[in-house]
Every structure is written in structure tokens, then in C-alpha cells.
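J.: For reference, the structure I am asking about is given below.
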Amino acid sequence: MGIMKILIAFILLWPLAGFLFNGLGRNYWSKKVIAYKATGYIVASFIASIFAFMYVQDHGAVTVHYFDFINTASIKIPFDFKVDALSALFLLVITGVGSLIHLYSSAYMKEEAAPHYARYFSYLNLFIFSMLVLVLGDNYVVMFIGWEGVGLCSYLLIGYWFTNGNYNYAAKKAFIMNRIGDLGFLLAIFWIIVKLGSVNYSEVLTADSLAKLSSADITGITLLLFVGAMGKSAQIPLFTWLPDAMAGPTPVSALIHAATMVTAGIYMITRSNLLFSHSELTQHVIAIIGISTALLAATIAIKQNDIKKVLAYSTVSQLGYMFLGLGVGAYSGAVFHVITHAFFKALLFLGAGSVIHAMHHEQDIRKMGGLKSKLPITHITFLIGCIAIAGVPPFSGFFSKDEILAAAFAKSPIYWVLGVIGAAMTAFYMFRLYTTTFLGKFRGTADQENHLHESPLAMTLPLILLAIASALAGAIGIPEIMGGHHWLSHQLIPIVGEPIELGLSHSLEWTLMAVSVGIALVALLWAIAIYKKKTDEAPNTVVGNFFYHKWRIDELYNEAIVYPLNRFAGFLKNTIEKHVIDGAVNGAGKLIQYSARKVRLTQNGQVGYYILFMVTGIIVLFLLWFNDVPIFIFFNKLTQN
Amino acid sequence: MSIQYYIFFCLTLYSIGVVGVLTRRNAIIVFMCIELMLNAVNLLLVAFSKMFNGMSMQNGAVSMAGIDAQIFVFFIMVVAAAEVSIGLAIIVMMYRNTHSIDVNFLNRLKN
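Note that the protein sequences, when read in sequence, are chains A and B.
The first sequence runs 1 to 641 under the working numbering.
The second sequence runs 1001 to 1111 under the working numbering.
This is the structure in C-alpha cells:
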């Protein structure tokens, strides 16, 4: 208990120290010092997380209390942290992938000036800190603090190159979209407080509190929580910020917008699974939104030409799968996919970063090609990432995706069919990306070709480690039909309960697996066959154009929400503000000035007038007095008291 | 005689005084009007004093009720006499300096 208190403080305070160190000292330290410190702090946090994880393995969940955040008669919100199997897993992923990405960043951001370099790392450290607060918090309020913190860091890092107006726009878009979701989360917290008078997981997520909530309450709370998850985890209708968030540096996209922050919504729902399992409606909503997002984003990803945009839409799509898993009750499957996705998507983003680095900030895949021989390590690792995400056994993506799909089939075969279609599209666009980038002939300028180079060790080492993780992470969740033990779902029993019995026969499960893998393989080979020969030209079909323009959802939002809001704001600014409010304020001033000019005339220096006014005043007072005017009665009472 | 007569008479006298002060420019007449107001008040004091005394006498006792008002009257008369002497002195000095006793002429002092 005591040792955990120190250990958790260690895990949290190292990144915070890094933030303060680099943030305050950005003008003093050299880049080398900055990179060593920033990375070292996260590695220290990672090591502490390993110890915490082992402690939880031996002793079960631990809650440590630091102080009371809010303590009133009606509600008490302690500043508690909790390490259990779920948060320990997230701790390892966040600090583990985080360390690798810090290491990678130290080389990737080398061209930046020292103060900006320090600013970058301080934001990154602050992000890790906030994310750790999010997953460690023992109540919804502490989680919300971390939730807002990661949103802030995401905003800061997307707008890291703040001299570019478009990047600032993207940052603001991300922040505002997240804000919409956060409002839902906040309302859910208020609702919980009103109904249960507590926000601690140990008090909210119990059978007792379920008895106190009506089914309408549970549905309302869970839907609002899901709105929060929608914003953070980029689901329909709040997903458009994530592709734009690629304006940030590539390691940021890898860490925040693929591996960790965007999975916060999944974490939150898994944490609150007791509530979610008791609302049929919410589960359906989540599953439908999840699978729709997965398919929508996959169709867009097929037509994108920016290497990071493809990966961004792929992330949105994979998040959709995770929500599908949550919606069909496969909580451990969703968490499994979060973990494997963190590895292979971070790997893919970092690989893309390595390519962009080699290509001197060229992101258009039509100008790449043939990088296989020039960037051997990047090529191999990227290929592993692609195979993993495409769901080819025995790489990790296969196991997690299959678990979700099996659970989806048990709920409704329609989900499964749609999921398999999505998986096929995933395989297709990933290998379109791989083929156009690494195979064929180089299509860039001769100058770029001469400068092509493999990235330094600081960048390739994380790639290699993540590639190993992507390949092998499936081992933590080998399903029982394959003779595995499914370590992960056993780990999560205290949080999400026993895995649901799917009621599928073994032969059926094998068939489903074979079908989804077969379709994915066909899509994969088809993509290689198509794009090996031709480069992707501008889309020429109506549907292709529609996908290329991202279903025109940004335009739709602009027309339906942004434009009317701007018009309304313009109306308020030009009409209400100018005429009504300014009119009232200026009118009051003018009235005073005018009446003062008139009243001033009475002060003319003629004593007779003064006396006349005095006498008139006295007479008026007497008249009022003798007529019992209310104001005098009031004054009388006042003086008597 | 009913007290109302006295009240209306004093009110009339007082009003004449006020109007005189307000409208006349001759310092001496203004001065006289002030005296008029003072005397209107004096007269009223005496009238009320007498009324109260009479009401107390009806109860059979030899009463001093209301007598104190008449003492005020004497005070006022004394003060008025002192004030008259000063006021007239001011008017004399005013005439010597300006060869006029128009009160409005004095407003040049205001700056």
C-alpha cells in the first residue's frame, strides 16, 4: 500500500517533471539535454509502470488516496488513483509506446531550433502525464481532469507549427470537436452526482447503485458518456477532427492520434462497462455507430493520397471496430484491439514519419514508390505493420479483430458481414499504401532520389521494437479454440467480468475466421496487383470522387453548422451589438449629457431663483408629507427603526 | 376666535414676505419682507401658545401650558433687532460703495 503510493507518484511525476524542466528551461538547455531528459523521464515512468503492473499481478487492484479534491457535506471527491489490471495495461502501453516515440522524436525533430524542440518535448511529456492521470484516476472527476489535459496537449501539438494558419485551424477544429464530446461527458458526471452522490468507481459501478438508477437514468448516463467517447475517439459524427489532426508532427500523430489519446473513449466505456451492459439501447447505438464509422472511414482511406491521411482514416476505422466490440459486449476484445492497434498503428505512423523524413517532407504517395531498397528497415517494419492491421495470422491484428468479429457474429450476423467488409477494405487500402510507397519505381524528383536515406538508429530502433510487438502481441489473447489460454481476458475478469459465452460451435468459429482471413488476403493481393503497375491518378468515377472528398462531410458541417452559426454571430455582431446594445449604452450617456445641459441653466447666479427653488421645494415636501406619500412613510419607518 | 383665522392670516403675511424677497430688488424692501416673515412666525407662535393655554385652563387648573412659546417670541424679537442693526449697516455700506441698493447688483461678487 505504502510502496504503491510512492510508485504511482513516481509514474505520474516523472513526466510532469519533464514538462516543467523542458517547458521552463527551453531557452537554456541544448537539444541533446532536452531529448535525453524528456525520453529518460518517460522511460523511468515505464519502469515504474512495470513494477506497478507486477504488484497488481501479485496483490490485485490497489487504490491509493492522496488528498480530497473536493470535500463538502453533499459530495466528496477524493484525489485517488487506482491501479488494477485494466489501468496497469494502459500504463504499460502509454509509457512503453510513449518512450519509443520520445526516442523517435529526438531524431525526427532534429531540425527544430532548441526552444521549439524543448517546447515540443514539454508538450509531449505533459501529454503522457495527463494520459496517465486519465487512466489512473479512481473517479470520473480525476479521469475528466486527465481527459481535458490530453485534449489540451493534442491541441498544442497539432498546432505545434503555429506559423502555419491551416495547422492552427486544424488544432482549433480538434479542440472544438473534443469540447462538444466533453460536454456530454461532463453532463454524464453531473447526472451521476445527482443520482448517486458520488463519482468514485467503487461506489458508482456496483450492483447497489444500479438498483438506485432507473433504466432511463442508465441509458441517459451511458449515452452521454458515449458522446464524450465519440469526441475523444473520433466516431461519427465527431470524427472529422482526427484526419485534420495530422497537421501535427508525425510522432505526435503516432502517439496521440493513434496509440493513446484516441483510445481514451474505449478505456472510459470499458471502465464503466457495468452501466453500459445494462442499457440495451446504448449498446446498439455504440455498435451501430462503431461499425458505420469503421466502414465510412475505410472507404475514405481507399482514395486518399496523403500517406498520413490514409493512416488517420485507418485509425478512425479501427476505432470504429473497437466501439463495435464494446457495443456487442466484447470489452476484453476491444481492449485487446486497443493494445495491438497501439503497436501496429504507432509503428505505421512512425514508418510513415521515416518515409516523410527520407523524402524531405513529401507526404503524397503518388510521388513515392520504390522505396523498398532505399529504406530497408522502414520497409520491413512497415510491411509487418500492414500485415498486422490487415488481420493476417499470426500477426497481432488478426487475433484482436477476430475476437471482436466473433462477438459481433454472436450478437448479429449483419455486424459480422459489415465487419468483414470493413476488414477487407482495411487490407486493401493498407496494401495500396504499401505498394504505392515501397514497390514499383520512384516517381519523385531526381533531387529527392539522390537524398533518399535510411533514418538514424534513434528512429529505426523504435520501428524494430514496435514491429516485434506488432507481430507478437497477439500472444496475449490467443483464443481457446486455438489451444490458447487468452491471458488478457483472464486479466480483465475483475473489471469486465467473465467473457461472455458466444454460443458458437468451434467449427463455426473456425469458418468465420477462415472467411474473414480469406477475404482480407484476397483484398490484399488484389491491391498489390492493381497498384504495382499503375500509380493512383485522380479519381474519375462519381463514387471515387465522393470518397476522395471524404463524403463531403466537412462541407456538410460547414453548410449545416458553421455557416449558419457564423451568420447568426454576424447578425448579433452587426445588428444586435451595434444598434441595440451600443444604442442603449450610448443612449444612456447622451440622455445624461442632454439633461445636464438643460438643468445647468438653472444655476444662473441669481439669488432670487435659488430662493424660489428652495421655497418651491419646501412646499412640495410639505404637500407630500401631509398627503401621506408612501416614500415618506417608508422614511418614517426607517428613522424610527 | 378660531385658530384657523390666525393660521391663514400668518400664512398670508408669510407669503407676502416670501414673494417680496423673491421679486423685489430694493435691499431695504427685501429686508422688510424678511422682517414680515419673522413676525408672521411670531404671531403664529403666540396664537398657538394661547390656544394650548386655553385648552389646559378648561380642565380647571391654573396652567402654564404653552407659555414657553411666548418666550421663543421674545428671543426671536431680540435676534431680529440685532439682525436689523447689522443688516442696515450692511445696506449703508453697500450704498456707500456702489451708490445703489439693488440686490442684483451685488451678484458681481459671485466670481
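For glycine and all other residues, C-beta sits at the position ideal for the given N, C-alpha and C.
Model, not experiment: these values are computed from the prediction.
So, does the segment 276–293 of chain A touch the segment 107–123 of chain A, judging by three or more C-beta pairs under 8 Å?
T.: Result no; under three Cβ-Cβ pairs closer than 8 Å.
J.: Can you pull the chain B neighbours of L612 (chain A), defined as C-beta to C-beta under 8 Å?
T.: Locating residue 612 (chain A) in the first sequence gives position 612, where the first residue counts as 1. Ordered by position in chain B, the residues that pass the 8 Å Cβ test against L612 (chain A) are L1022.
J.: Keeping to the same chain, check which residues put their C-beta closer than 6 Å to that of I101 (chain A); ignore five residues upstream and five downstream.
T.: Here the question's residue 101 (chain A) lines up with position 101 in the first sequence. So the list reads P251, A254, L255, once near-sequence residues are dropped.
J.: Give me the chain A residues within the contact set of V1018 (chain B), using Cβ-Cβ distance strictly less than 7 Å, ordered along the chain.
T.: Taking the second sequence and counting its residues from 1, one reaches residue 1018 (chain B) at position 18. Here the neighbours are V615.
J.: With 16 other CB atoms within 10 Å as the buried threshold, where does V141 (chain A) fall?
T.: On the first sequence, residue 141 (chain A) is found 141 positions in, with the first residue counted as 1. Counting Cβ neighbours within 10 Å, V141 (chain A) comes out buried, since at least 16 surround it.
J.: Comparing the C-beta of G570 (chain A) with each C-beta of chain B, is any distance below 8 Å?
T.: Counted from its first residue, the first sequence places residue 570 (chain A) at position 570. By this cut-off, G570 (chain A) is not an interface position.
J.: Who are the near neighbours of M425 (chain A) in its chain, counting only those whose CB is closer than 6 Å to its CB and skipping five residues on each side?
T.: Working through the first sequence from its first residue, we reach residue 425 (chain A) at position 425. Counting only Cβ-Cβ distances below 6 Å, and skipping sequence neighbours, we find A298.
J.: Could you pull the start and end residues of the alpha helix (DSSP H) that P564 (chain A) belongs to?
T.: Here residue 564 (chain A) corresponds to residue number 564 of the first sequence, with the count starting at 1. Looking at the DSSP string, the run of the alpha helix (DSSP H) that includes P564 (chain A) is 563–571.
J.: So, for Y117 (chain A): in the same chain, excluding its five sequence neighbours on each side, which residues have a beta-carbon less than 7 Å away from its beta-carbon?
T.: Within the first sequence, residue 117 (chain A) is the residue found at index 117, counting from 1. Around Y117 (chain A): K31, I34, M109.
J.: Tell me, which residues are paired with F144 (chain A) by DSSP?
T.: Against the first sequence, residue 144 (chain A) aligns to sequence position 144. DSSP output for F144 (chain A) lists no bridge partner at all.
J.: By DSSP, does P650 (chain A) sit in helix, in strand, or in coil?
T.: Nothing about residue 650 (chain A) can be reported from this structure: the residues present for chain A run from 1 to 641 only.
J.: Would you list the one or two residues that DSSP bridges to V62 (chain A)?
T.: Here residue 62 (chain A) corresponds to residue number 62 of the first sequence, with the count starting at 1. DSSP output for V62 (chain A) lists A:V83 as bridge partner(s).
J.: Quick check: the Cα distance between F10 (chain A) and A48 (chain A), rounded to an integer number of angstroms?
T.: In the first sequence, residue 10 (chain A) corresponds to position 10, counting from 1. In the first sequence, residue 48 (chain A) corresponds to position 48, counting from 1. Answer to the nearest angstrom: the Cα atoms are 7 Å apart.
J.: By the three-class DSSP mapping on this structure, what secondary structure does K534 (chain A) have?
T.: Locating residue 534 (chain A) in the first sequence gives position 534, counting from the first residue. Residue state, collapsed to three classes: coil.
J.: Within 10 Å of its beta-carbon, does G518 (chain A) have 16 or more other beta-carbons around it, so buried, or fewer, so exposed?
T.: The residue given as residue 518 (chain A) occupies position 518 in the first sequence. Its Cβ having fewer than 16 others within 10 Å, G518 (chain A) is exposed.
J.: What residues from chain B crowd round G608 (chain A), counting only those whose CB sits closer than 7 Å?
T.: Counted from its first residue, the first sequence places residue 608 (chain A) at position 608. Within chain B, the residues near G608 (chain A) are L1022.
J.: Would you check if the distance between the CB atom of L324 (chain A) and the CB atom of I404 (chain A) is smaller than 8 Å?
T.: Position 324 of the first sequence, counting from 1, holds the residue named residue 324 (chain A). Position 404 of the first sequence, counting from 1, holds the residue named residue 404 (chain A). Yes, these two residues count as a Cβ contact at 8 Å.
J.: What does the alpha-carbon distance come out to for the pair L556 (chain A) and A171 (chain A)?
T.: As a working note, residue 556 (chain A) is residue 556 in the first sequence. As a working note, residue 171 (chain A) is residue 171 in the first sequence. Taking the straight line from one Cα to the other gives about 20 Å.
J.: Give a yes or no on whether the C-beta atoms belonging to T260 (chain A) and M143 (chain A) are separated by under 8 Å.
T.: For the purposes of this step, residue 260 (chain A) is taken as residue 260 along the first sequence, with counting starting at 1. For the purposes of this step, residue 143 (chain A) is taken as residue 143 along the first sequence, with counting starting at 1. No, the pair does not count as a contact, with Cβ atoms beyond the cut-off.
J.: For K32 (chain A), which beta-bridge partners are listed by DSSP?
T.: Start at 1 with the first residue of the first sequence, and residue 32 (chain A) comes out as number 32. Looking at the DSSP assignment, K32 (chain A) forms no beta bridge with any residue, so it has no partner.
J.: Along the alpha helix (DSSP H) that carries Q304 (chain A), what are the first and last residues, could you check?
T.: Here residue 304 (chain A) corresponds to residue number 304 of the first sequence, with the count starting at 1. First-last for Q304 (chain A): undefined, no H or E at that position.
J.: Given a cut-off of 8 Å, decide if V64 (chain A) and F81 (chain A) are closer than it, judged by their beta-carbon atoms.
T.: Residue 81 (chain A) sits at position 81 when you count from the first residue of the first sequence. Residue 64 (chain A) sits at position 64 when you count from the first residue of the first sequence. In this structure, V64 (chain A) lies closer than 8 Å to F81 (chain A) by Cβ.
J.: For a test of the three-state rule: what should DSSP assign to I70 (chain A), helix, strand or coil?
T.: Position 70 of the first sequence, counted from the start, is the residue given in the question as residue 70 (chain A). Strand, per DSSP.
J.: Leaving out five residues on either side along the sequence, give the residues of the same chain with a beta carbon under 6 Å from the beta carbon of G477 (chain A).
T.: On the first sequence, residue 477 (chain A) is found 477 positions in, with the first residue counted as 1. Excluding residues within five positions, the ones whose Cβ falls inside 6 Å are F336, F399, H486, L488.
J.: Out of A:P456, A:S314, A:A229, A:L210, which has the shortest C-alpha to C-alpha gap to L103 (chain A)?
T.: Here the question's residue 103 (chain A) lines up with position 103 in the first sequence. Measuring from the Cα of L103 (chain A), the nearest candidate turns out to be A:P456.
J.: Buried or exposed for D244 (chain A), please, with buried defined as at least 16 other CB atoms from any protein chain shown within 10 angstroms of its CB.
T.: Here the question's residue 244 (chain A) lines up with position 244 in the first sequence. Its Cβ being crowded by 16 or more others within 10 Å, D244 (chain A) is buried.
J.: What would DSSP say about D689 (chain A), mapped onto helix, strand or coil?
T.: No statement about residue 689 (chain A) is possible, as the shown extent of chain A runs from 1 to 641 and does not include it.
J.: Could you round the C-beta distance between A527 (chain A) and F428 (chain A) to whole angstroms and report it? I think they count as a contact, below 8 Å.
T.: Here residue 527 (chain A) refers to the residue found at position 527 when the first sequence is read from its first residue. Here residue 428 (chain A) refers to the residue found at position 428 when the first sequence is read from its first residue. About 5 Å separates the two Cβ atoms, so the contact holds.
J.: List the residues that DSSP assigns as beta-bridge partners of I77 (chain A).
T.: One-based indexing of the first sequence puts residue 77 (chain A) at position 77. A:I70, per the DSSP bridge assignment.
J.: Excluding the five sequence neighbours on either side, which residues of its own chain have a C-beta within less than 6 Å of the C-beta of L224 (chain A), listed in chain order?
T.: Working through the first sequence from its first residue, we reach residue 224 (chain A) at position 224. Result list for L224 (chain A): G184, L187, A188, in chain order.
J.: Which runs of the alpha helix (DSSP H) spanning at least 4 residues fall entirely within the segment 368–455 of chain A, listed in chain order?
T.: Qualifying alpha helix (DSSP H) stretches, in chain order: 376–390, 396–411, 413–438, 446–451.
J.: Measure the C-alpha to C-alpha separation of Y531 (chain A) and G369 (chain A) and round it to an integer number of angstroms.
T.: Along the first sequence, one-based indexing puts residue 531 (chain A) at 531. Along the first sequence, one-based indexing puts residue 369 (chain A) at 369. For Y531 (chain A) and G369 (chain A), the distance between alpha carbons rounds to 10 Å.
J.: Comparing alpha-carbon positions, which option in B:S1085, B:I1003, B:Y1095, B:I1007 lies nearest A1040 (chain B)?
T.: Position 40 of the second sequence holds residue 1040 (chain B). Nearest option by C-alpha distance: B:I1007.
J.: Could you say which of A:L433, A:W416, A:E501 lies nearest to A529 (chain A) if we only look at CA atoms?
T.: Position 529 of the first sequence, counting from 1, holds the residue named residue 529 (chain A). Measuring from the Cα of A529 (chain A), the nearest candidate turns out to be A:L433.
J.: Are the C-beta atoms of R1096 (chain B) and some chain C residue less than 8 Å apart?
T.: Given the protein chain composition of this structure (A and B), no chain C is represented.
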